Amino acid sequence: MLIDGQSFYASIEKAARPDLENKPVAVGDPSRKSGIILAACPIAKSRGVTTASRVGEALAKCSDLVVIRPRMQTYITVSLFITEIFESFTDQVEPYSIDEQFLDVTGSIGYFGAPEEIAREIQMRVHLSTGVWSRCGIGPSKILAKMATDNFAKKMSSGIFKLDFDNLESALWPLPVHQMFMVASRMTRHFTRMGLYTIGDIARLELGDFKKRMRKEMGKQSDIQAEYYWQTARGIDPSPVVASIRNKLKSVSHGKALRSSIYQKLEDIEVVLLELVVEVCRRSRRFGYIGRVVNVGAAETDGQRSASFNRQVTLEQATSLSHEVAAAAIGIFRKYWSGMPVSHLYVGLTQLTDDSVIQLALFDDRMKAYDLERATDEIKDKYGSAAIVRASSLLQSGVARERAEQIGGHYI
C-alpha cells in the first residue's frame, strides 16, 4: 500500500481549529504575499488555490482564504503518530515523505482481512485521531501502489483503489504518459516525439524495441532509463518495503537561500558561511561522524547575470571541529567567488568515518576543542539552537537565530 494524507498540513490546521471546518484554508506565511502556498484544503483548491502558488495570487483568487503560518514540528509529530497507527497493522512501514508511507500488509491479511478492509480501518483510525483523510493505493508492488494512489485513489470518494496485473491494462495503460511515475515534462516531450502518448504505448513494446527508440531519441546512455520506464509501465518493481528511513550517512550538509540584495559583501556572506559550518559540524558530532572532504557551493546573481560553483578540498585529517572546517570552507569560497551578490550558500562534509578515533596533533589540543564543542552542543540540545551563538550571528547578516525557529526553512 501507499497511503497519502490529503492536504496534510492544511488538514492538521483545520483539525486544530473546528471554526475553520467549512472555510478555505491554506498553509503559508500570511505576512509575505510573495511567499508560496505549501498546502491548500479541498475547499481552497476548488476556488483555484494551488500548491506552490504565491500567497498574494491565492488571496486574489479566493478573498476569504485563511492563510495559516506553517508549524513544521507539529506536522512532523503528527506524521510520526500516523506511522505508529500503521505499525499497529504491520511492522513493514516505510516513510516516503512526511505525508506518504508504504506498507507491506501481506502478512497481516490473515488477521485483519482483505487489503481493502485494512485500508478502510486505517482511514478511520487516522481520521479520528488526527483529522487527516487518507487515500490508499493497493498493489502487488510499490510502484503500482504509488500510481494507484496518485492516479485513482485521490480522485475517488472512497479514497481507495487497487491496481494489480488484472486491471493494469484496462485502468493504467490508457492514461497519458505524463501520469506515469517519475515522468515529468522533459521526459513527456521525449516520449511524445517518439510517438508514445500513453503508458500503454510503452508497456506494449518489447524491451529491445523500446531501447532502440530511446537510443535514437536520447543517445546510447539511455538503456538504464529505458529499462526503468518499461518496467514501470508494466508495474514491475522488485524493491521491498524497508522498515527504516536511516541508512548509513554518506554526507552531512546544510544550505541556505539568501536575498542577493543583502549578501553582496564578503564580510556579510562569511557570517552565513560560518553559521552553516557550525550547523554541519554539530550534526556530524550528533551522528558520530568526522569528515575529510569539505564541499562549498554558491549561486550568484546581479539581476542580469548568474553564476554558480561547487568545489571541495580534502583535509589532512578528518574532523568535525568548526574552526577546522570553517578555515577550509572560507578558503574555497574566497578562491572561487566571482564577486556577484550571493543568492544561495551550501556547505557539506563527506568521506565520513566514525569519530570514536580522532587524530591528535602536536601543537593543537584537539581533544580540548572537541570537549568545548560538545559542551556547546549539549547547551543547544537542552535550551534550543539559539541558546548560544557566535557573536557574528548577532550582526544583521546573521541568520542563525531565525533558523533556530524553523525546520526545513519553515517556522516550527
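Numbered as in the UniProt record's numbering, the sequence shown ends at 412 without a single skipped number. The beta-carbon is built from N, C-alpha and C at its ideal position, and this holds for glycine as well. Quick caveat, the model's predicted, so the values are computed rather than measured.
Q: Report back the beta-carbon spacing between I199 and L163 to the nearest angstrom; my notes put them in contact at under 8 angstroms.
A: Counting from 1 along the sequence shown, the entry for residue 199 is found at position 199. Counting from 1 along the sequence shown, the entry for residue 163 is found at position 163. Rounded, the Cβ-Cβ distance is 12 angstroms, inconsistent with contact.
Q | Beta-carbon contacts of residue 429 that lie in its chain and below 6 angstroms, excluding the five residues immediately before and after | A | This structure leaves residue 429 out entirely; the chain is present only between 1 and 412.
Q: Check the C-beta distance from A15 over to T106 and give it rounded, since I have them as a contact under 8 angstroms.
A: Numbered from its first residue, the sequence shown carries residue 15 at position 15. Numbered from its first residue, the sequence shown carries residue 106 at position 106. About 32 angstroms separates the two Cβ atoms, so there is no contact after all.
Q) At what residues does the alpha helix (DSSP H) containing D209 begin and finish? A) If you number the sequence shown from 1, residue 209 lands on position 209. 207-218 is the extent of the alpha helix (DSSP H) around D209.
Q. When the Cα atoms are used, what is the spatial distance from V177 to K45?
A. Walking along the sequence shown from the start, residue 177 turns up at place 177. Walking along the sequence shown from the start, residue 45 turns up at place 45. If you take the alpha carbons of V177 and K45, they lie about 25 angstroms apart.
Q. For R285 versus S251, is the C-beta distance shorter than 7 angstroms?
A. Locating residue 285 in the sequence shown gives position 285, counting from the first residue. Locating residue 251 in the sequence shown gives position 251, counting from the first residue. A distance of 7 angstroms or more separates the beta carbons of R285 and S251.
Q: Grab me the residues of I269's own chain with a C-beta within less than 6 angstroms of its C-beta, minus the 5 sequence neighbours each way, in chain order.
A: As a working mapping, residue 269 is identified with position 269 in the sequence shown. Here the set comprises Y263, V342.
Q. Is it the case that the Cβ atoms of S253 and C281 are separated by a distance below 7 angstroms?
A. Counting from one through the sequence shown, the residue named residue 253 turns up at place 253. Counting from one through the sequence shown, the residue named residue 281 turns up at place 281. No, Cβ-Cβ distance for S253 and C281 is not below 7 angstroms.
Q: Decide if the segment 69-78 is in contact with the segment 42-57; the criterion is three or more beta carbon pairs, one per stretch, under 8 angstroms apart.
A: Touching, no.
Q) What residues match up with A40 in a beta bridge as DSSP calls it? A) For the purposes of this step, residue 40 is identified with residue 40 of the sequence shown, where counting begins at 1. DSSP, once it has assigned bridges, lists A26 as partnering A40.
Q: Give a yes or no on contact between the segment 77-92 and the segment 24-38, applying the rule of three or more CB pairs nearer than 8 angstroms.
A: Because the criterion of three Cβ pairs below 8 angstroms is not met, the segment 77-92 and the segment 24-38 do not touch.
Q.
Tell me which residues share the same chain as C41 and place their Cβ nearer than 8 angstroms to its Cβ, disregarding the 5 neighbours each side in the sequence.
A. In the sequence shown, counting from the first residue as 1, residue 41 sits at position 41. Excluding sequence neighbours, C41 sits near S7, A10, S11, K14, P24, V25, A26.
Q: Would you identify the three-state DSSP class for S79, choosing helix, strand or coil?
A: Along the sequence shown, one-based indexing puts residue 79 at 79. If DSSP states are grouped into helix, strand and coil, S79 belongs with the helices.
Q.
Looking at the secondary structure, which residues open and close the alpha helix (DSSP H) in which P115 lies?
A. Looking up residue 115 in the sequence shown gives position 115. 115-130 is the span of the alpha helix (DSSP H), which, as asked, contains P115.
(Q) For S222, which residues in the same chain have their Cβ closer than 7 angstroms to its Cβ, ignoring the five residues on either side in sequence? (A) Stepping through the sequence shown from its first residue, residue 222 is reached at position 222. In chain order, M214, R215 place their CB closer than 7 angstroms to the CB of S222, counting only its own chain and leaving out the 5 sequence neighbours on each side.
(Q) Only counting the same chain, and skipping five residues up and downstream in sequence, which positions put a Cβ closer than 7 angstroms to that of R125? (A) Along the sequence shown, one-based indexing puts residue 125 at 125. Correct list, in chain order: I85.
Q) Quick one: complete beta strand (DSSP E) runs, 3+ long, within the segment 89-115? A) Uninterrupted beta strand (DSSP E) stretches at least 3 residues long and entirely within the segment 89-115 occur at 93-97, 100-103, given in chain order.
Q. Is the Cβ-Cβ distance between F102 and L172 less than 7 angstroms?
A. What you label residue 102 is simply residue 102 of the sequence shown in a count that begins at 1. What you label residue 172 is simply residue 172 of the sequence shown in a count that begins at 1. Not closer than 7 angstroms, so no.
Q. Cα separation between L273 and A387?
A. Reading the sequence shown from its first residue, position 273 is the one you call residue 273. Reading the sequence shown from its first residue, position 387 is the one you call residue 387. C-alpha separation (whole angstroms): 19 angstroms.
Q. Roughly how many angstroms lie between the CA atoms of K61 and S134, to the nearest whole one?
A. Translated into the one-based positions of the sequence shown, residue 61 becomes position 61. Translated into the one-based positions of the sequence shown, residue 134 becomes position 134. So the alpha carbons of these two residues sit roughly 27 angstroms apart.
Q. Looking at the structure shown, is A257 part of a helix, part of a strand, or coil, going by DSSP?
A. Start at 1 with the first residue of the sequence shown, and residue 257 comes out as number 257. Here A257 sits in strand by DSSP.
Q | Under the three-state DSSP convention, the category D354 falls into | A | Your numbering for residue 354 matches position 354 in the sequence shown. Residue state, collapsed to three classes: strand.
Q. With respect to the alpha helix (DSSP H) encompassing L276, which residues constitute its N-terminal and C-terminal limits?
A. Working through the sequence shown from its first residue, we reach residue 276 at position 276. Counting along the chain, the alpha helix (DSSP H) containing L276 begins and ends at 266-287.
Q: Use the C-beta contact count for Y289: other C-beta atoms within 10 angstroms, 16 or more gives buried, fewer gives exposed.
A: Mapped onto the sequence shown, residue 289 falls at position 289. Buried.
Q | For F165, three-class secondary structure by DSSP | A | Counting from 1 along the sequence shown, the entry for residue 165 is found at position 165. F165 falls in the coil class under three-state DSSP.
Q | Rounded separation between G331 and K220 - CA only | A | Taking the first residue of the sequence shown as 1, we reach residue 331 at position 331. Taking the first residue of the sequence shown as 1, we reach residue 220 at position 220. In this structure, the CA atom of G331 is about 40 angstroms from the CA atom of K220.
(Q) If you reduce the DSSP assignment to three classes, tell me which class L321 lands in. (A) Here residue 321 is taken as the residue at index 321 of the sequence shown, counted from 1. Three-state DSSP puts L321 in coil, outside helix and strand.
Q) Does DSSP put P18 in a helix, in a strand, or in coil? A) Numbered from 1 along the sequence shown, position 18 holds the residue referred to as residue 18. P18 falls in the helix class under three-state DSSP.
Q.
Against chain D, with Cβ distances strictly below 7 angstroms, would G56 count as a contact?
A. In the displayed structure, chain D is absent; only one protein chain is listed.
Q | Reference K256; option with closest CA among E267, K248, V241, L276 | A | As a working note, residue 256 is residue 256 in the sequence shown. Minimum Cα distance to K256 is reached at L276.
Q) Under three-state DSSP, which class holds F309? A) Residue numbering aside, residue 309 sits at position 309 when the sequence shown is read from its first letter. Reduced to three states, the DSSP call for F309 is strand.
Q) Can you tell me the Cα-Cα spacing of S158 and A114, whole angstroms? A) For the purposes of this step, residue 158 is identified with residue 158 of the sequence shown, where counting begins at 1. For the purposes of this step, residue 114 is identified with residue 114 of the sequence shown, where counting begins at 1. Cα to Cα, S158 sits roughly 16 angstroms from A114.
Q: Please state whether DSSP places L372 in a helix, a strand or coil.
A: What you label residue 372 is simply residue 372 of the sequence shown in a count that begins at 1. Of the three classes helix, strand and coil, the one that applies to L372 here is helix, per DSSP.
Q. Are there three or more Cβ pairs, one per stretch, closer than 8 angstroms when the segment 355-375 is compared with the segment 297-309?
A. No, the segment 355-375 is not in contact with the segment 297-309.
Q) Residues in its own chain within less than 7 angstroms of T314 by CB, not counting five upstream and five downstream? A) Taking the first residue of the sequence shown as 1, we reach residue 314 at position 314. So the qualifying residues of the chain are R292, V293.
Q: With a cut-off of 8 angstroms on the beta carbons, I'd call V241 and E94 a contact; round off their distance for me.
A: Locating residue 241 in the sequence shown gives position 241, where the first residue counts as 1. Locating residue 94 in the sequence shown gives position 94, where the first residue counts as 1. Between E94 and V241 the Cβ distance is about 5 angstroms, and since that is below 8 angstroms, they are a contact.
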